[in-house]
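Per the UniProt record's numbering: the sequence shown = residues 1 to 160.
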Amino acid sequence: MVGRVWEEREVKVPASEAWKLYGTLQLAKIVCEALPNLFSKAEVVEGDGSAGTILHVFLPPGTAGLTSYKEKFTVVDDEKRVKETEVVEGGFLDLGFTLYRVRFEVVEKEGKKEECVTRSTVEYELKEEFAANAAFVSIEPLVAVMRVAADYLTKNYTTN
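So this is what it looks like as structure tokens:
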């Protein structure tokens with residue numbers, strides 16, 4: 001079983017400014033502080049935020065019976081403003097998923113240099129015998145991440 005869910009959000013800051021958050025480890029720090037009900041903490045296992053970085057993400061008690069997972073940054077493209085992560089240990093893999101990938105994209109809004117669109121996508125593959133676990137896939141946590149990021153960006157961005 002293969003699936004994909006996605007959501008977009010407009011942000012009133014330039015794409016280059018939004019990428020300074022989305023393209024770095026700072027996003028995880030801000031999200032953990034703002035959304036402790038979704039993410040308890042995130043620790044860098046290895047890396048500096050570039051492709052190959054591995055984060056150990058801890059979840060609060062009661063999150064579908066999961067306590068943590070490790071994700072690897074497989075793509076961090078500063079030119080295209082795309083970051084992809086894949087769960088490499090625990091989490092959704094423990095529920096029968098063979099792939100759980102999150103993609104963040106920051107897209108400049110045509111004709112509006114001071115605005116951008118952030119897009120979050122979840123792509124997954126799930127063993128057929130675990131098809132019922134597809135119900136655990138939700139874009140809502142990423143919508144919350146985009147909301148926190150948008151709030152942070154609009155509060156902290158100042159035009160020069």
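Here a beta-carbon is modelled for each residue, glycine too, at the ideal position from N, C-alpha and C.
Using only alpha-carbon positions, find the residue among L38, E125 and E89 that is nearest to K72. In the sequence shown, counting from the first residue as 1, residue 72 sits at position 72. For K72, the nearest C-alpha among the options comes from E89.
DSSP beta-bridge partners for E46? In the sequence shown, the residue the question calls residue 46 occupies position 46. The partner list for E46 (beta bridge, DSSP) reads I54.
With DSSP as the reference, label P60 as helix, strand or coil. The sequence position of residue 60 within the sequence shown is 60, counting from 1. P60: strand per DSSP, three-state reduction.
Pull up the CB-CB distance for E108 and A42, whole angstroms please, since I reckon it's below 8 Å. Your numbering for residue 108 matches position 108 in the sequence shown. Your numbering for residue 42 matches position 42 in the sequence shown. The Cβ separation is near 28 Å, so there is no contact.
For E8 versus T118, is the C-beta distance shorter than 9 Å? On the sequence shown, residue 8 is found 8 positions in, with the first residue counted as 1. On the sequence shown, residue 118 is found 118 positions in, with the first residue counted as 1. In contact: E8 and T118 (Cβ atoms closer than 9 Å).
Could you check where the beta strand (DSSP E) with E86 kicks off and where it finishes? Here residue 86 refers to the residue found at position 86 when the sequence shown is read from its first residue. From DSSP, the beta strand (DSSP E) with E86 extends over V82 to G90.
Given a threshold of 16 other Cβ atoms within 10 Å of its Cβ, counted over all protein chains shown, does S120 qualify as buried or as exposed? For this step, residue 120 is matched to residue 120 along the sequence shown. Classification for S120: buried.
Quick check: the Cα distance between P60 and E114, rounded to an integer number of angstroms? Indexing the sequence shown from 1 puts residue 60 at position 60. Indexing the sequence shown from 1 puts residue 114 at position 114. Cα to Cα, the separation comes out at about 36 Å.
Could you tell me the boundaries of the alpha helix (DSSP H) in which E128 lies? If you number the sequence shown from 1, residue 128 lands on position 128. No alpha helix (DSSP H) contains E128, which DSSP labels as neither H nor E.
In whole angstroms, give me the CA-to-CA distance for Q26 and G49. As a first step, residue 26 must be located in the sequence shown, where it is residue number 26. As a first step, residue 49 must be located in the sequence shown, where it is residue number 49. Going from the Cα of Q26 to the Cα of G49 covers about 9 Å.
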